[in-house]
Amino acid sequence: MRLVAITEAGRELVAERRRAQCARVDDLLAALPELGVQALLEAMRTVLPIVQRMVQAAPQRCVPGGGSAP
């Protein structure tokens, strides 16, 4: 197992990227007509549990240098 440390600057960068991604998704969703939003919600309700089960059932992949991939 390999441990890494993330600096405060690294944490801030990750947080800023997440904020930017969330803002982008918010903008995209706001541009959808109501029927599009409803269709997307229905699709997510269907697919999310399937994807979660697939991720839980999948074997962990090894990555070079030790450890496993997320």
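Okay, so the sequence shown: first residue is 24 according to our numbering, each after it adds one. All C-beta atoms in this analysis are idealised placements derived from N, C-alpha and C, irrespective of residue type, glycine included.
Test item: CB-CB of residue i and residue j under 8 Å
i: residue 60; j: residue 51; result: no
Nearest-angstrom Cα separation, counted from residue j out to residue i
i: residue 80; j: residue 56; result: 36 Å
i: residue 39; j: residue 58; result: 31 Å
i: residue 47; j: residue 30; result: 26 Å
i: residue 83; j: residue 26; result: 17 Å
i: residue 32; j: residue 45; result: 20 Å
i: residue 42; j: residue 68; result: 24 Å
i: residue 77; j: residue 28; result: 30 Å
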